[in-house]
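Accompanying notes for the structure given below.
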Amino acid sequence: MLKSETWTSLFLLMMLMRVSRVLSCHQTEYEISGECCAMCPPGSRVQRHCTEFRSTSCVPCTEGTYNEKSNGQQYCKPCSPCDSVSGLTVKLGCTLTSDSVCEPLDGFFCVDSSSKSCSAAQRHSSCKGGQYIRQRGTASTDTECSDCSSGTFSDGTGESCQPHRQCEAENLQLMEAGTSSTDAQCGEQRQDVSAVVIGVLVPVVVLLVITAAVLWHFRKYMIEKTNCLKNSDAAETNTEMDPMNRDC
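Take the sequence shown: its letters are residues 20 to 267, numbered as in the working numbering.
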């Protein structure tokens, strides 16, 4: 009976000693299978855990992976991709001891960020016609737009709205009124078509009337003169009138 109790006591003592060893691992060590193994330095990983007879075996992280802290891991973390499809570009490249640091591409802003890096970005909003850019987008904020006031316009690409062109002030005629997104269209002054037609036709008609009247009077005169001469010739034959006394 005593022998059995002795073995039990020894077993419990060994268990307490093992637990004590686990609890007493240094902060630069890690526990594995009841052993306190030395951690691998940053930029490396565990190739083989330590045993009672050998120390921890470490190897450097491969390209595209990293470990930023001392560790007891058998793997390195994959570097974060700065994917242009997601609107990202590399700010700081990945090293054996640090992850990639990503930032938004030009024209994008970050919508999901950690303390140092951006993991997702979105293209800046574009202002519509009739709006102006009140605040340009940055790497962390979207573009802010505002509507143009009455009498002004913008195609959405400027930081202010422009006043509509005043055709009358340029001695031009308004061809098309301006809108909130387009300027007014001006052209040369167009004369009234009816006034032009009247101005051209009236002198022509007057000239034709005068010409017709002159021709009519001339024709009448010629007819009367011809008749007069005929009558005078007949009278001269009958009365032997002196040609000097003719009235025609």
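Note that CB positions come from ideal geometry on N, CA and C, so glycine has one too.
At the C-beta level, G197 and H183 come within 8 Å of one another. Between G175 and S145, the CB-CB gap stays under 8 Å. Our two residues, A231 and G218, have alpha carbons roughly 21 Å apart in a direct line. If you compare the alpha carbons of E50, L191, Y49, E82 with that of S99, the shortest gap goes to E82. Checking the DSSP bridge columns, you'll see I229 has no partner listed. Taking the C-beta atoms as reference points, R67 is found no nearer than 8 Å to C80.
Counted as a single uninterrupted DSSP element, the beta strand (DSSP E) harbouring G206 occupies residues 204-206.
Assignment of F237 by DSSP, reduced to helix, strand and coil, places it in the helix class. Annotation: L227 to K239 spans about 18 Å, alpha carbon to alpha carbon. DSSP places D166 inside the beta strand (DSSP E), whose first and last residues are 163-166.
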